[in-house]
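Since the structure comes first, as structure tokens, the remarks are kept for the end.
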Amino acid sequence: MNLWTDDNWPLSLPTSTKPTSLKTLNQSQPFNLDSVQQRLQAIIEGARESWTYAIFWQYSVDISGASLLGWGDGYYKGGEEDTLNKRKATPTSAAEQEHRKRVLRELSSLIPGGVVTTDDAVEEVTDTEWFFLVSMTQSFINGGGLPGQAFYSSVPVWIAGHDRLAASVCIRAKQALELGLQTVVCIPLTDGVVEFGSTDLIFQSSDLMIKVRVLFNFTNNEIGFH
Numbered sequence: 612m613n614l615w616t617d618d619n620w621p622l623s624l625p626t627s628t629k630p631t632s633l634k635t636l637n638q639s640q641p642f643n644l645d646s647v648q649q650r651l652q653a654i655i656e657g658a659r660e661s662w663t664y665a666i667f668w669q670y671s672v673d674i675s676g677a678s679l680l681g682w683g684d685g686y687y688k689g690g691e692e693d694t695l696n697k698r699k700a701t702p703t704s705a706a707e708q709e710h711r712k713r714v715l716r717e718l719s720s721l722i723p724g725g726v727v728t729t730d731d732a733v734e735e736v737t738d739t740e741w742f743f744l745v746s747m748t749q750s751f752i753n754g755g756g757l758p759g760q761a762f763y764s765s766v767p768v769w770i771a772g773h774d775r776l777a778a779s780v781c782i783r784a785k786q787a788l789e790l791g792l793q794t795v796v797c798i799p800l801t802d803g804v805v806e807f808g809s810t811d812l813i814f815q816s817s818d819l820m821i822k823v824r825v826l827f828n829f830t831n832n833e834i835g836f837h
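For what it's worth, this note's numbering labels the leading residue of the sequence shown as 612, then goes sequentially.
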């Protein structure tokens, strides 16, 4: 999907859930979409590193038989940039501004409570918030994109740093870099992929993998990174 111009929208979006902790979501709890956001939040809030967002990409098969990874649920934490850099007055085209307003109005109509309520509110959306929100409309077919690469290889993808993101052949990595992210991680599961992103430079960590294994019943013992 083109981050700026795609007109395809999801039929429904998940509602928010209450905060939780690692203690309340253990390995014995059955995996289901109702608890995904709680699991994502527990990982991010309990991490030593500063993760900006987490997304669960859910695996399915479309009517043509193609394998598909689509938005399952997500959790956005943000960071200091959300307080300090609330969309500064940078020159943007009228077309881009109108597109962003249209996207956020559409998302607002789909999510209980809304994302934004007025056109002026668009100016308060940071680049990383924009990246997260538009991710709700994205999908990856037959191994496409960073999530698809991780899912079909069954090997986590960890890309950290400007140079590595810029060198990636995946459009999502380049979009992440353009909108201020420095680290993107995709961890494959049986039913999909968990993606993490951060505006900080975060190198490979076994701690993150352990938490994902515990909360998403991921049992492979030997896992390396791309």
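Positions of the beta carbon are idealized from the N, C-alpha and C atoms, including for glycine.
Quick one: residues in its chain with C-beta nearer than 8 angstroms to the C-beta of residue i, no 5 flanking neighbours on either side, listed in chain order?
{"i": "LEU776", "result": "ILE770, ALA784, LYS785, ALA787, LEU788, LEU792, GLN793, VAL795"}
{"i": "GLN760", "result": "GLY754, VAL768, CYS781, CYS797, HIS837"}
{"i": "ASP778", "result": "As written in the sequence, residue 778 is Ala, which differs from the Asp given in the question. Once the five neighbours on either side are set aside, ALA778 has no close Cβ partner at all."}
{"i": "HIS773", "result": "LEU788, GLN793"}
Can residue i and residue j be called in contact, C-beta distance under 8 angstroms?
{"i": "ILE804", "j": "TRP668", "result": "Per the sequence presented here, residue 804 reads as Val, with Ile not at that position. Contact: yes."}
{"i": "SER809", "j": "GLU660", "result": "yes"}
{"i": "PHE742", "j": "LEU790", "result": "yes"}
{"i": "TYR670", "j": "PHE762", "result": "yes"}
{"i": "LYS688", "j": "ILE654", "result": "no"}
If I measure Cβ to Cβ from residue i and keep anything under 7 angstroms in the same chain, skipping five residues before and after, which residues do I get?
{"i": "PHE814", "result": "ALA771"}
{"i": "ARG713", "result": "none"}
{"i": "VAL858", "result": "Outside the shown range of the chain (612 to 837) lies residue 858, about which nothing can therefore be said."}
{"i": "SER817", "result": "none"}
{"i": "GLY690", "result": "SER661, THR663, THR810"}
{"i": "VAL672", "result": "SER678, LEU679"}
Kindly list the residues whose CB is nearer than 6 angstroms to the CB of residue i, restricted to its own chain and excluding five residues on each side of it in sequence; keep chain order.
{"i": "PHE807", "result": "TRP662, ALA665, VAL796"}
{"i": "ILE752", "result": "ALA677, LEU679"}
{"i": "PRO799", "result": "ALA761, PHE762, SER765"}
{"i": "GLY756", "result": "CYS781, ARG783"}
{"i": "ASP738", "result": "LEU790, GLY791"}
{"i": "SER750", "result": "LEU679, GLY681"}
{"i": "ASP802", "result": "TYR670"}
In the DSSP output, what is residue i paired with across the bridge?
{"i": "PRO799", "result": "VAL804"}
{"i": "VAL672", "result": "SER678"}
{"i": "ILE666", "result": "GLY685, GLU806"}
{"i": "THR737", "result": "In DSSP, THR737 forms no bridge with anything."}
- Query: Where in the stretch 801-828 do unbroken runs of the beta strand (DSSP E), each at least 3 residues long, occur, reported from the N-terminal end onward?
  - Reply: Along the stretch 801-828, the beta strand (DSSP E) occurs as fully enclosed runs of 3 or more residues at 803-809, listed in sequence order.
- Item | Inter-stretch contact (C-beta, 8 angstroms, three-pair minimum) for the stretch 816-824 and the stretch 669-679 | Here the stretch 816-824 does not lie against the stretch 669-679, with fewer than 3 beta-carbon pairs under 8 angstroms apart.
- Message: As an exercise, report each continuous beta strand (DSSP E) stretch of at least 3 residues that is fully enclosed by the stretch 740-785, in chain order.
- Response: Qualifying beta strand (DSSP E) stretches, in chain order: 750-752, 768-771.
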